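K.L.:
Handing you a structure now.
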Amino acid sequence: MEAVGVNEITQNDLNWKIEYDDDRCTRCGKCIATCTFNALEMQVEQRAFTALDPDQKEHKHKRNFKAVPVVKQISDLTHKCVGCGMCEKVCPNEAIKPVRNIDTREAILDCAGGSPIKRGGRTNVSTERTLDIIKVGRISQMTDPSLDALRHSFDIKSPFGRVLGAEELPLKISDNELNIEGKTPPINWIYPIIFGDMSIGALSTRAWEAIAIATAYLNEKHNMPIRMSSGEGGMPIKLLKSKYLKYMILQIASGHFGWNRIIKAMPEMVEDPAGIIIKIGQGAKPGDGGLLMAAKVAKHIQEIRGVPRSDLLSPPNHQGLYSIEESVQKMFLSFNAAFQFRVPVAIKVAASSSSVSVYNNLLRDPYHIVGGFFMDGIQGGTGAAHQVSLDHTGHPVVSKARDAYLAAVAQGKQGRIPLWTGGGMGMTSDLAADAFKMICLGANGIFTGKLLIQLLGCIGNDAGRCNQCNTGLCPTGICTQDYRLVQRLDVDKAAENIVNYMLGVDTSLKKLMAPIGNSSLPVGRSDALVSVDKSIADKLQIPFAC
Amino acid sequence: MCRIGAIKSRKPIHPSKALHLMLSQQKGHDNSGFAIVMKDLYGIFEPYKKQPMLSYSCTKKGKQIIEDFMVEKGFSRKIFSWVPETSPFDGMDFAKMPFYGFDVFNYPENLLDASPEEIENVLLDVRLELRRVLEEDEQGFVFSFWPDVLTLKEIGNPNHIGEYFNLWQEDEKIVGKNIVIQYRQNTNYAIVRYAAHPFFMQGYTLCANGENTFYVKNKECQKNLHRGYIGFESDSQCFLYTLHYLHHELKWPLSYYKHVITPLPFEQLDKLEESKKRTLYKIRESLAHLEINGPNTIIGLLPDNLMFTCCDSKKLRPVVVASDGDTVVITSEVCGANEALPNRDQETDIYPNEREIVAITNDLEIKRWKQ
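Structure (structure tokens):
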């Protein structure tokens, strides 16, 4: 009996196997040069073949051997293929491609040094989509007319900032005219979709720049008031001091990365930022802090964040905060004060069973300084997290957002703290439909991240393809700081993709508003929706249809 | 589609005028509701302008419940009662109640020194509680309890209802200077008397023609704003409650009603001068859930009898304001105005646009407030 090293890793133990066509391969080597994971190598195979012996006069075959150069998959976990398909993309002859391996054992073997799997992307387990079960079922016909999506004008804006009740407004009546006299919390009316929370560091500077360019272009050329959140990690000084800062939302998370430079730039800011988001939690890895692996902490990242090269871990909590009331007093007040109460300050939390309690509590805040409640669901993305967090922790955002809205309704305070929801928005490609449905359920708007990098060129998906955002080896140059990889990203083309997609989203939103006869956003208009699943209908308190 | 109408006159007029106003517009109704509210009453009601009148319909048992209830609440001195003479006829097509009552009460002694606000609240609370009591056993309906206001609501053929109550025969007994009327077509909700417009609350009367597509969010918001915002049998009740909230609770000028229900688009708001822009932005932000966004025409009557009309922001429902100098009518279709005021100069008719409130003062002066 032949001895077999059964514990040796072979191709069939891995998630992806390389399918290689020797006959079509010209040995140009492009695939090997392209693979950022070093999953391919050139090897020489001994091949046996039978041919006529040219020295013999008789017609007689002879067995021969020759050495043939071939492209081979490296079968170890350090160099595993992640299915990114860059080899296929560059191959001039369609000779190579990764194929998903259903017999893989990788998930249980890839724990080198006792370390569990870390990766980027989204959950690869909780991929069911409540939003796709909900339909826009209330169409205006006869009793009220549908609108014309192309002819009517639509008010597609949402508030970012603390809204006062009418009875709280400092109004004075004189000569039958109302006038606001006195201060009110700042509110910016912005597009109901925010580009969300991906830092320079998680993204390459060029990828981040592409999103920022798209943001500015949509504002300046198309009058779409899109805002982009910086993510935790600051932003370039030049941008902080430019007029385009007004399109940016600055995020602060528990690591406070980048804020030293932001604070130093304040005296030279010519515009206020659109808002501040205090990140408490993230849907992809709730209860966990941010994580930027040392591999991605390149020199320019060290400069922006003011740190040495090392793994950058934001703590799971903001140090020094131990209660909602206290966070309101400390963080919100200090950030409101920092910009002299001109810039709305919002909070971002991971959706959780306790989200409604938090929202209720903030709604009761007597200081009126919480300018938004951003709730991120289990289907949100991340640049780096433990796989167990991505796949097994978190809360679906749809029902929790609905719960939060109805809790506000019960208090008579709906709309006072605008509700923004994210986590899997656009996961099945239609961001407008997701935004519309969340708005009907009570959200004021949504935020999206993963979809944007997919528009930039990310090929990662929720079926385990790539998801190597944490490694610094991003094959598309989006989630890496390696200057050679970053060159792969065509910034202008990437920005153009986002612009085109968002212009399409804008039209699609109108195509959803028009049939229900609304020219302004139907926030809380739950009667416009039906669910084709009874349990979801019951949970969300919308009609069931079948 | 409903048809709505209102008449405001220098001289007291009989409800038959309102029935004629609506006669030519009858293709728009389906017998699902008929209601009429009269304010600033004369004729047999003139001596009792200051005392509250309870308008109701009920069963025999309900009548006893009402009498006991009113005594219990201190309204023990009924000083006048009008029971309409009725003329039943074969083929009557409406859901008749056994009793219809319009009872005027003296105020209880404990209210003699009460402030107007206290009295307003008592009158509201009595109506709300009586409504609940009657609802328990389905013994009747109470439509208004307010000085100088008469309300009649029924389900069925409006012409038959008019004939039964002898409302077609003009006289000088049952007359008033303001009449608001609606023939209703019910499309979305159950056919019940409380769903028939005009609605009434603390001196405010309102009827609407259209569809409130933001009904759910309006309702969710209004439920917490005031104890009197109840029922919601019709999506149009939301318009009354918003009017009451704005004008009565917040004490804002009526012109801001339009800013709340159909706010200016952001594009137009941004063109306004800074202080007006800031104020209108704040109003839009704070009362976003009271916006309506669908086809509507509204006719309203304030406690001081100022009458007004306005439309949705896309002008998807019709309305015309017509006057002959002594009488002003507001109604859905011009054929109604032609019936009511055949000798007027039609060129002075006003077709309110999507951004204005047209208001008629007690001197019949017509004011137009542009948003």
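Respectively, the protein sequence lines represent chains S and X.
Those letters in the first sequence? Residues 22 to 567, per my numbering, in order.
Those letters in the second sequence? Residues 1234 to 1604, per my numbering, in order.
Glycine included, C-beta positions come from ideal geometry on N, C-alpha and C.
Small disclaimer: the values here were computed from a predicted structure and weren't measured.
Quick one: using the 10 Å Cβ neighbour count with 16 as the cut-off for buried, is alanine 319/S buried or exposed?
P.N.:
Buried, because 16 or more other Cβ atoms sit within 10 Å of the Cβ of alanine 319/S.
K.L.:
Going by other Cβ atoms of all chains shown within 10 Å of its Cβ, with 16 needed for buried, is threonine 205/S buried or exposed?
P.N.:
Classification for threonine 205/S: buried.
K.L.:
Taking glutamine 323/S as part of the alpha helix (DSSP H), name the residues at either end of that continuous run.
P.N.:
Taken as a continuous stretch (DSSP letters only), the alpha helix (DSSP H) holding glutamine 323/S covers 320–326.
K.L.:
How about leucine 1502/X and leucine 1513/X: do their beta carbons lie closer than 7 Å?
P.N.:
Yes, Cβ-Cβ distance for leucine 1502/X and leucine 1513/X is below 7 Å.
K.L.:
Interface residues of chain S around glycine 1527/X at Cβ under 7 Å?
P.N.:
Per Cβ cutoff of 7 Å: Asp165 and Gly538.
K.L.:
Measuring CB to CB, does isoleucine 474/S end up less than 7 Å from isoleucine 499/S?
P.N.:
Yes. Within cutoff.
K.L.:
Should threonine 1475/X go down as buried or exposed, given a rule of 16 or more other Cβ atoms within 10 Å for buried?
P.N.:
Flag for threonine 1475/X reads buried.
K.L.:
Rounded to whole angstroms, how far is the Cβ of valine 111/S from the Cβ of cysteine 52/S, which I believe are closer than 8 Å?
P.N.:
Going by Cβ atoms, the distance from valine 111/S to cysteine 52/S rounds to 6 Å, so yes, they are a contact pair.
K.L.:
So phenylalanine 1518/X contacts chain S; which residues on that side make the cut at Cβ distance below 7 Å?
P.N.:
Here residue 1518/X is glutamate; the residue named in the question, phenylalanine, does not match the sequence. Those are Pro180, Val184 and Ile208, listed as they occur along chain S.
K.L.:
For alanine 1429/X, which residues from the same chain have a beta carbon less than 6 Å from its beta carbon, with the 5 sequence-adjacent residues on both sides left out?
P.N.:
These residues qualify, in order along the chain: Gly1266, Ala1268, Lys1386 and Arg1417.
K.L.:
Taking buried to mean at least 16 other C-beta atoms within 10 Å of its own C-beta, is proline 1331/X buried or exposed?
P.N.:
So proline 1331/X counts as exposed.
K.L.:
Alpha carbon to alpha carbon, how far is tyrosine 388/S from lysine 1456/X? Give it in angstroms, no decimals.
P.N.:
Between lysine 1456/X and tyrosine 388/S, the C-alpha separation is close to 25 Å.
K.L.:
Look up glutamine 272/S in the DSSP assignment and give the residues it is bridged to.
P.N.:
Partner(s): Ile298/S.
K.L.:
So which residues of chain S does valine 1449/X contact, with C-beta pairs closer than 9 Å?
P.N.:
Those within 9 Å of valine 1449/X in chain S are Gly545, Arg546, Ser547, Asp548 and Ala549.
K.L.:
If the cut is a Cβ gap below 7 Å, which residues of chain S does proline 1489/X touch?
P.N.:
In the sequence on display, residue 1489/X carries tyrosine and not proline. The answer, in chain order, is Leu199.
K.L.:
Under 7 Å Cβ to Cβ from glutamine 1259/X, same chain only, skipping five residues before and after it: list those, please.
P.N.:
Here the set comprises Tyr1416.
K.L.:
For arginine 1236/X, count neighbouring C-beta atoms within 10 Å of its own C-beta (all shown protein chains included) and say buried if the count is 16 or more, exposed if not.
P.N.:
Label assigned to arginine 1236/X: buried.
K.L.:
Determine which residues share a DSSP beta bridge with histidine 15/S and list them.
P.N.:
As displayed, chain S neither begins before 22 nor continues past 567, which places residue 15/S out of reach and without an answer.
K.L.:
Check methionine 290/S in the structure and name its three-state DSSP category.
P.N.:
DSSP places methionine 290/S in coil when its eight states are reduced to three.
K.L.:
Cβ-heavy atom distance between lysine 1386/X and the ligand NAD below 6 Å?
P.N.:
The model on display carries no ligand, and the ligand NAD is accordingly not part of it.
K.L.:
Reducing DSSP to helix, strand and coil, say where serine 376/S ends up.
P.N.:
DSSP places serine 376/S in helix when its eight states are reduced to three.
K.L.:
Give me the Cα-Cα distance between alanine 1239/X and alanine 425/S, rounded to the nearest whole angstrom.
P.N.:
So the alpha carbons of these two residues sit roughly 43 Å apart.
K.L.:
Is there contact between the segment 529–549 of chain S and the segment 501–519 of chain S, where contact requires at least three CB pairs shorter than 8 Å?
P.N.:
Contact between the segment 529–549 of chain S and the segment 501–519 of chain S is absent, because fewer than three Cβ pairs lie under 8 Å.
K.L.:
Give a yes or no on whether 7 Å exceeds the smallest Cβ distance from lysine 1600/X to chain S.
P.N.:
Taking Cβ atoms only, chain S never reaches closer than 7 Å to lysine 1600/X, which makes this a no.
K.L.:
Any Cβ of chain S within less than 7 Å of the Cβ of glutamate 1444/X?
P.N.:
Chain S contact via Cβ: present.
K.L.:
Only counting the same chain, and skipping five residues up and downstream in sequence, which positions put a Cβ closer than 6 Å to that of histidine 407/S?
P.N.:
Result list for histidine 407/S: Pro137 and Lys139, in chain order.
K.L.:
What runs of the beta strand (DSSP E), each 3 residues or longer, lie entirely inside the segment 106–191 of chain S?
P.N.:
Qualifying beta strand (DSSP E) stretches, in chain order: 117–121, 139–142, 155–157 and 179–182.
K.L.:
Looking at the C-beta of glycine 203/S, does it have a partner C-beta in chain X at a distance below 7 Å?
P.N.:
Chain X, which has no Cβ nearer than 7 Å to the Cβ of glycine 203/S, makes this no.
K.L.:
Whole angstroms is fine: what's the gap from lysine 1244/X's alpha carbon to glycine 296/S's?
P.N.:
Straight-line Cα distance between these residues: approximately 60 Å.
K.L.:
My parser needs the beta strand (DSSP E) runs of 3 or more residues fully inside the segment 1480–1541 of chain X; what are they?
P.N.:
Qualifying beta strand (DSSP E) stretches, in chain order: 1529–1534.
K.L.:
For phenylalanine 565/S, report the span of its alpha helix (DSSP H) as first-last.
P.N.:
Neither: phenylalanine 565/S is in no alpha helix (DSSP H) and is coded neither H nor E.
K.L.:
May I have the straight-line CA-CA distance separating arginine 183/S from aspartate 1596/X, to the nearest angstrom?
P.N.:
Distance between the alpha carbons of arginine 183/S and aspartate 1596/X: 44 Å.
K.L.:
Looking at chain S, is there any beta carbon in it that lies within less than 7 Å of the beta carbon of threonine 1512/X?
P.N.:
Yes, contact with chain S.
K.L.:
Spatial neighbours of serine 1257/X within its chain, please: CB distance less than 7 Å, with the 5 preceding and 5 following residues excluded, ordered by chain position.
P.N.:
Contacts found: Cys1568, Gly1569 and Glu1572.
K.L.:
Starting from arginine 1236/X, follow the beta strand (DSSP E) in both directions and report where the run begins and ends.
P.N.:
Counting along the chain, the beta strand (DSSP E) containing arginine 1236/X begins and ends at 1236–1246.
K.L.:
Leaving out the 5 sequence neighbours to the left and right, which residues in its chain are closer than 7 Å to aspartate 124/S when beta-carbon positions are compared?
P.N.:
The answer, listed in chain order, is Asn33.
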